[in-house]
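Read through the structure below, which is laid out as structure tokens, and then see the notes.
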Amino acid sequence: MKTNLLNFDLNGLTEHFSQMGEKPFRAKQVMRWMHQSGASDFDEMTDLAKSLRTKLNAEACIQVPELMMSQESSDGTRKWLLDVGTGNGVETVFIPEAERGTLCISSQVGCALECTFCSTGRQGFNRNLTASEIIGQLWWANKAMGVTPKNERVISNVVMMGMGEPLANFDNVVTALSIMLDDHGYGLSRRRVTVSTSGMVPQMDRLKEVMPVALAVSLHASNDAVRDTIVPLNKKYPLKELMAACQRYLVKAPRDFITFEYVMLDGVNDLAKHAYELIDLVKDVPCKFNLIPFNPFPNSGYERSSNENIRIFKDILQQAGFVVTVRKTRGDDIDAACGQLAGQVQDKTRRQQKWQQLIVD
Ligand code: SAH
Ligand code: SF4
């Protein structure tokens, strides 16, 4: 089988080229062709000797995931559904804003962590994405949008907030992050690449050592009792441990704060008492809050908090001195909002039956 060069970061590619008897600078050239020029054919790489191209054609390939569908919302949000085999698809979303363009990418087909308010989590888990399938999302978006007339990249930020738990697919995510940050890859700054985690404590410690990028933590609750019910992973890594891991992460993080994401679920975690409890919980962790109005999906069993409750919650945090943003819902007409990324997941666990059973009950 041919080796897919899209699975390598620069170190891996250099190693691969040295095994082929090629010089390290060839790896840099090929890296730039693949990721900066969007090449998927060695014959496009005109500054490689014909003999090397022939050798590469025989032994290697650049295999990007196939595009199943792309959509554009009236507000400029774009969404791509990529084929990751055997009927499965994952989604990538681009959100344009005045000062930046953010690409939200997926890390797994489905998710095994079963957060109760998340449509991806409810669909079950199929498998991890390969590094090429993760970076392939950026490859496609970059190819579709290219650079601005001023030759600036349209995609200035990447957030790993699509389908899946990035830290549960650690090695492939780290390889993809390495390509995003590499000057021969996408050249993004560490501060502009964010991993979002539901709180996998040991992997947060590892990420800090090998690839410290900006970190968002899906907190969603101010005490263990509530968090245990909506983010089941909390039973394994409760809030005290999670807060300590955040503090440790900040020692090496490219930004001097953690972003806490907090989905606003009516009557569950959105009361004034929760906001006060939250202030106490995070007192030793420099942080910002991103409140996410819950995005409903069929049979979720949850309601979005009222605008009034979101405002009160936000005011309490702000009065305590925190920077708080409320996430705007974008791409409504193409179901591109947080937690609505459904893709196409063939569940390999018995999750779906379990949920269907609950709904019937
Ligand atoms: N697995 C990672 C990243 C993917 S989810 C994580 O959990 O952090 C990205 C964000 O969207 C997380 O904060 C997640 O909790 C939130 N989210 C999931 N479902 C949602 C929904 N239905 N409405 C609003 N936000 C949701
Ligand atoms: Fe997985 Fe994140 Fe959804 Fe939880 S919120 S089920 S960790 S994708």
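For the sequence shown, counting from 1, position 21 maps to 21 in the UniProt record's numbering; every step adds exactly one. Every residue, glycine too, gets a C-beta built ideally from N, C-alpha and C.
(request) Enumerate, from N- to C-terminal direction, the unbroken beta strand (DSSP E) stretches of 3 or more residues contained entirely within the stretch 94 to 169. (result) For the stretch 94 to 169, whole beta strand (DSSP E) runs of length 3 or above, ordered along the chain, are 101 to 104, 108 to 110, 125 to 128, 157 to 160.
(request) Give the DSSP-derived three-state secondary structure of Asp224 in the structure shown. (result) In the structure shown, Asp224 sits in a helix (DSSP, three-state: H, G or I).
(message) Can you give me the C-alpha to C-alpha distance between Leu129 and Ser107, rounded to a whole angstrom?
(response) Taking the straight line joining both Cα atoms gives about 6 Å.
(message) Quick check: Leu219 and Tyr249, are their CB atoms within less than 7 Å of each other?
(response) No, Cβ-Cβ distance for Leu219 and Tyr249 is not below 7 Å.
(request) Kindly indicate which three-state DSSP category Ser218 falls into: helix, strand or coil? (result) Secondary structure at Ser218: strand, using DSSP grouped into helix, strand and coil.
(message) Within a Cβ cutoff of 8 Å, which residues of the same chain sit near Asp270, ignoring the five residues on either side of it in sequence?
(response) Spatial neighbours of Asp270 in its own chain (CB-CB distance under 8 Å, excluding positions within 5 residues in sequence) are listed in chain order as Met264, Ser305, Asn309, Ile310, Phe313.
(message) If you measure from each CB to the nearest heavy atom of ligand 2 and keep those under 5 Å, what residues do you get, in chain order?
(response) This selection yields Cys111, Leu113, Cys115, Cys118, Thr120, Gly121, Glu165, Ser198.
(request) Would you mind working out which of Ile230, Glu261, Val201, Leu188 sits nearest Val213, comparing C-alpha positions? (result) Comparing alpha carbon positions, the residue from Ile230, Glu261, Val201, Leu188 closest to Val213 is Leu188.
(request) Take the Cβ of Val360 as the centre, count every other Cβ of all protein chains shown within 10 Å, and call the residue buried at 16 or more, exposed below. (result) Summary for Val360: the model assigns pLDDT 47, below 50, so the residue's position carries little reliability; its value from the coordinates is reported in the next sentence. Classification for Val360: exposed.
(request) Confirm the yes/no value for this check: CB of residue 376, any heavy atom of ligand 1, distance under 6 Å. (result) Given a span of 1 to 361 for the chain in the structure shown, any question on residue 376 remains unanswerable.
(request) Check whether the Cβ of Glu133 sits closer than 6 Å to any heavy atom of ligand 1, and report yes or no. (result) Relative to ligand 1, the beta carbon of Glu133 is positioned no closer than 6 Å to any heavy atom.
(message) The beta strand (DSSP E) that contains Glu261, what's its start and end?
(response) Taken as a continuous stretch (DSSP letters only), the beta strand (DSSP E) holding Glu261 covers 258 to 264.
(message) With a threshold of 6 Å on Cβ separation, who are the neighbours of Thr259 within its own chain once the five nearest residues in sequence on each side are excluded?
(response) Here the set comprises Ala216, Lys288, Asn290.
(request) Please report how far the alpha carbon of Ala253 lies from the alpha carbon of Leu242, in whole angstroms. (result) For Ala253 and Leu242, the gap between their C-alpha atoms comes out near 16 Å.
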